[in-house]
Amino acid sequence: MGPIRWLKVRSLVGRAIELSKSGRIDEAFGAIEARAASLGAIVWIRFASALLMAARVEAAQKAIDAALNVEPNNWDALVVRAEVAAKQGDAEACFAATRRLCDVDPRHQGAAVALAEIHLDRQEPNEAVAVLERFKETADLKTAVVLGRAYLFADNAAAAADLLGRVVEELQMQQRKAISGDEWAAAKRALDEVMPWHEEAVGAAYGREETINVAAARGDLDANAGVNYRLLGLRLAVQSERIADVLELRSATDDVEMGAAILKKKKSDARGLLLSGIGELRLGQVERARRTFEKACEADGGNFAAYLGLGAAMDAERFGLFKKARALPALDVGGVASRVVPDWANLTDVEKQVVSASMHPLRGALARLARGEAKIRVLPIDVRATDLPEFQDLAGVREEDDHRAYDAVGGLATEKLAVVKVEELIDVDSEEGWVFAHEFAHMVFFKFEERLGERVQDLLERAVAIGYVGDEYQRKNVDEFFAVSYTDFLRRRYGMREEKQIDDEGVMVALFDLFGELDTVEDFSKL
Numbered sequence: 000m001g002p003i004r005w006l007k008v009r010s011l012v013g014r015a016i017e018l019s020k021s022g023r024i025d026e027a028f029g030a031i032e033a034r035a036a037s038l039g040a041i042v043w044i045r046f047a048s049a050l051l052m053a054a055r056v057e058a059a060q061k062a063i064d065a066a067l068n069v070e071p072n073n074w075d076a077l078v079v080r081a082e083v084a085a086k087q088g089d090a091e092a093c094f095a096a097t098r099r100l101c102d103v104d105p106r107h108q109g110a111a112v113a114l115a116e117i118h119l120d121r122q123e124p125n126e127a128v129a130v131l132e133r134f135k136e137t138a139d140l141k142t143a144v145v146l147g148r149a150y151l152f153a154d155n156a157a158a159a160a161d162l163l164g165r166v167v168e169e170l171q172m173q174q175r176k177a178i179s180g181d182e183w184a185a186a187k188r189a190l191d192e193v194m195p196w197h198e199e200a201v202g203a204a205y206g207r208e209e210t211i212n213v214a215a216a217r218g219d220l221d222a223n224a225g226v227n228y229r230l231l232g233l234r235l236a237v238q239s240e241r242i243a244d245v246l247e248l249r250s251a252t253d254d255v256e257m258g259a260a261i262l263k264k265k266k267s268d269a270r271g272l273l274l275s276g277i278g279e280l281r282l283g284q285v286e287r288a289r290r291t292f293e294k295a296c297e298a299d300g301g302n303f304a305a306y307l308g309l310g311a312a313m314d315a316e317r318f319g320l321f322k323k324a325r326a327l328p329a330l331d332v333g334g335v336a337s338r339v340v341p342d343w344a345n346l347t348d349v350e351k352q353v354v355s356a357s358m359h360p361l362r363g364a365l366a367r368l369a370r371g372e373a374k375i376r377v378l379p380i381d382v383r384a385t386d387l388p389e390f391q392d393l394a395g396v397r398e399e400d401d402h403r404a405y406d407a408v409g410g411l412a413t414e415k416l417a418v419v420k421v422e423e424l425i426d427v428d429s430e431e432g433w434v435f436a437h438e439f440a441h442m443v444f445f446k447f448e449e450r451l452g453e454r455v456q457d458l459l460e461r462a463v464a465i466g467y468v469g470d471e472y473q474r475k476n477v478d479e480f481f482a483v484s485y486t487d488f489l490r491r492r493y494g495m496r497e498e499k500q501i502d503d504e505g506v507m508v509a510l511f512d513l514f515g516e517l518d519t520v521e522d523f524s525k526l
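Start counting the sequence shown at 0; every next residue gets the next number (numbering that gives the first Met the number 0).
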């Protein structure tokens with residue numbers, strides 16, 4: 000555009016804007032229309048942009064539509080049309096304008112990214128991949144992140160993990176090379192945005208326990224965080240053969256004595272250290288157990304149970320888990336509990352305290368569970384769920400929704416059998432705590448679904464419709480909704496730290512009321 004024409008456009012648009020500000024919008028449009036034929040679409044585009052900045056959205060749409068009538072493929076006009084549609088909340092018009100931009104210039108990455116993000120919002124990940132995949136080898140960081148997300152949602156987690164991993168490496172390099180605080184902070188913000196997607200992709204492709212490698216790569220492995228050692232243990236558990244000599248829980252004192260006997264012959268024996276460590280931990284000798292597990296890890300770096308024990312001991316020490324478990328009320332669940340929990344006699348006093356508190360509000364289910372020969376096994380630290388004959392078909396299988404390998408789960412439940420790992424039993428504080436209560440609630444729901452299912456399902460549907468009740472895992476199905484909500488109920492009942500806010504719509508209050516009602520029922524068979 001020559002300077003004279005530019006001055007004419009600026010003068011005309013300025014005059015039209017002044018007219019619109021004084022409420023003479025029709026005159027403003029008339030002034031533009033009178034000169035548009037000679038000046039072209041640019042005058043409408045400039046006018047539409049000014050109207051949009053002034054929040055005159057409907058007028059901006061009219062102006063930009065006039066520009067597109069003159070030049071249907073004008074890039075700037077299509078950009079403004081997409082912006083107007085976004086302001087109006089008109090998703091289809093925004094989609095159409097953005098798709099047209101890609102048609103006009105198929106090589107423009109910015110337009111392709113915008114279109115791909117709309118496809119993702121529309122839950123069309125395959126279409127998003129199709130839009131961006133041609134840029135894969137030349138993608139800038141923004142394009143690579145959106146393409147990585149598209150791969151993930153299109154069930155190509157391995158491609159997502161690879162691409163997002165390269166983005167992470169590039170951003171880490173930018174941090175190292177940053178010559179100013181602003182440059183370093185910008186790379187850090189970008190890393191904070193992409194890392195959760197990378198971790199999810201790694202978990203989906205290779206298993207949740209593999210996210211330990213992600214943390215290691217970014218230098219976030221806190222040597223004092225038990226969770227990191229547990230993740231290492233879980234990763235090893237997936238790769239390991241069975242290491243346990245027996246599948247049944249022994250008493251804590253028996254473990255200590257057996258470990259001492261082995262260590263008397265060879266003080267660096269990994270098995271002896273493991274038995275001593277788990278016995279010490281269960282007896283509340285936390286600091287001593289941590290040191291013993293550290294020696295076990297040194298003695299056998301491939302022993303998954305040693306790392307699980309070290310992580311459990313570190314967290315018990317750091318968060319005072321035994322003190323919190325002992326603060327639970329001493330509750331009587333009756334002799335029938337030992338028929339449902341066959342390892343009852345071998346539990347320590349504090350473990351029995353946790354188990355009783357976990358079962359007490361739903362104790363009315365125990366009699367029928369016992370009659371049906373349902374069992375909740377407490378597994379030794381070196382036994383995986385898939386080591387049991389009942390679950391051996393799950394060896395090498397991953398849970399579809401959250402990418403956990405069944406070889407590495409800390410709890411698992413069916414109608415007839417549930418399992419809980421002993422090293423996780425006393426955790427009534429962390430976000431993933433109350434494992435026994437969670438699996439027990441699953442068994443109760445499975446057994447009494449015909450009596451409880453409709454009521455819980457109605458609450459779940461309300462929770463899904465609201466969208467922010469609980470968390471995504473909790474809302475994935477009706478029995479998980481019941482089990483996760485039960486642990487939330489226990490946190491509130493026993494005055495523990497609560498992980499979630501109670502929703503304003505009353506869904507969780509209604510569910511807590513249900514648990515309160517069940518607490519008064521002595522025999523659920525009479526529900």
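We put the CB at the ideal spot given by N, CA and C, even for glycine.
What does a CB cutoff of less than 6 Å around residue i pick up in its chain, not counting 5 residues either side in sequence?
i    : result
R281 : A251, T347
A138 : none
E521 : G363
K415 : A373
S484 : L510
A156 : A200, A203, A204
Q108 : F134, T142
Give the straight-line distance between the Cα atoms of residue i and residue j, rounded to the nearest whole angstrom.
i    : j    : result
A404 : I63  : 54 Å
A407 : E497 : 26 Å
G278 : V396 : 31 Å
A462 : Q473 : 10 Å
R45  : R99  : 20 Å
A216 : R229 : Annotation note: pLDDT 49 at A216 (below 50); position unreliable, no value reported.
E17  : F28  : 12 Å
L393 : R290 : 34 Å
D75  : E82  : 11 Å
A113 : E504 : 35 Å
R490 : A243 : 34 Å
R338 : D518 : 20 Å
R532 : G494 : Since the first residue shown for the chain is 0 and the last is 526, residue 532 is missing from the structure and cannot be characterised.
R376 : R370 : 16 Å
L220 : L231 : With a pLDDT of only 49 at L220, under 50, the local geometry of the prediction cannot be trusted, and the value read off the model is given with reservation. The straight-line gap from Cα to Cα measures roughly 11 Å.
A129 : L170 : 25 Å
T486 : A304 : 26 Å
Q352 : G276 : 21 Å
E423 : G452 : 29 Å
A40  : V69  : 6 Å
D386 : Q174 : 45 Å
K475 : A92  : 33 Å
What residue does the beta strand (DSSP E) around residue i start on, and which one ends it?
i    : result
R133 : Run containing R133: none; DSSP gives neither H nor E here.
G410 : 410-412
K420 : 416-420
L378 : 374-378
Nearest CA to the CA of residue i: which residue from the options?
i    : options                : result
F390 : V418, A369, R367, P328 : V418
A54  : Y150, G432, A85, K475  : A85
E350 : K420, P388, L361, A366 : K420
R148 : Q173, Q122, L170, Q171 : Q122
P341 : A298, E247, E198       : E247
E448 : T413, L424, A312       : T413
V285 : E316, E116, F488, S275 : E316
M442 : L131, A482, A329, D314 : A482
F523 : E240, P360, H118       : P360
S239 : A111, E471, D381       : D381
L262 : E479, D512, L272       : L272
V56  : S355, G88, D512        : G88
G527 : A356, Y306, V42, K264  : This structure does not reach residue 527, given that the chain is present from 0 up to 526, and the question cannot be answered.
Closer than 8 Å, CB to CB, is residue i near chain B or not?
i    : result
F435 : You won't find chain B in this structure, because it holds only one protein chain.
Only counting the same chain, and skipping five residues up and downstream in sequence, which positions put a Cβ closer than 8 Å to that of residue i?
i    : result
V79  : I44, A47, S48, L51, A59, I63, A66
R529 : Residue 529 cannot be examined here, being either before or after the span of the chain that is shown, 0 to 526.
Can you name the start and end residues of the alpha helix (DSSP H) that residue i belongs to?
i    : result
V285 : 285-298
F324 : The displayed chain sequence assigns Ala, not Phe, to residue 324. Per DSSP, A324 belongs to the alpha helix (DSSP H) from 320-325.
M495 : From DSSP, M495 is part of no alpha helix (DSSP H); its letter is neither H nor E.
W433 : It is not in any alpha helix (DSSP H) - W433 carries neither H nor E in the DSSP assignment.
R370 : 365-370
Which same chain residues, not among the five before or five after residue i, have their C-beta less than 7 Å away from its C-beta?
i    : result
A158 : Y150
E398 : Y405
V335 : L365, A366, A369
A236 : F303, R383, D406, A407
E126 : H118
Report whether the distance from the Cβ of residue i to the nearest heavy atom of the ligand NAP is below 7 Å.
i    : result
D244 : As for the ligand NAP, it is missing from this structure, which has no ligand bound.
Q. Should the stretch 415-433 be called in touch with the stretch 318-325, which here means at least 3 C-beta pairs below 8 Å?
A. Judged by Cβ distances under 8 Å, the stretch 415-433 makes contact with the stretch 318-325, as three or more pairs qualify.
(Q) Under 8 Å: do the stretch 148-168 and the stretch 177-188 share three or more Cβ pairs, one atom per stretch? (A) Verdict: no, contact absent.
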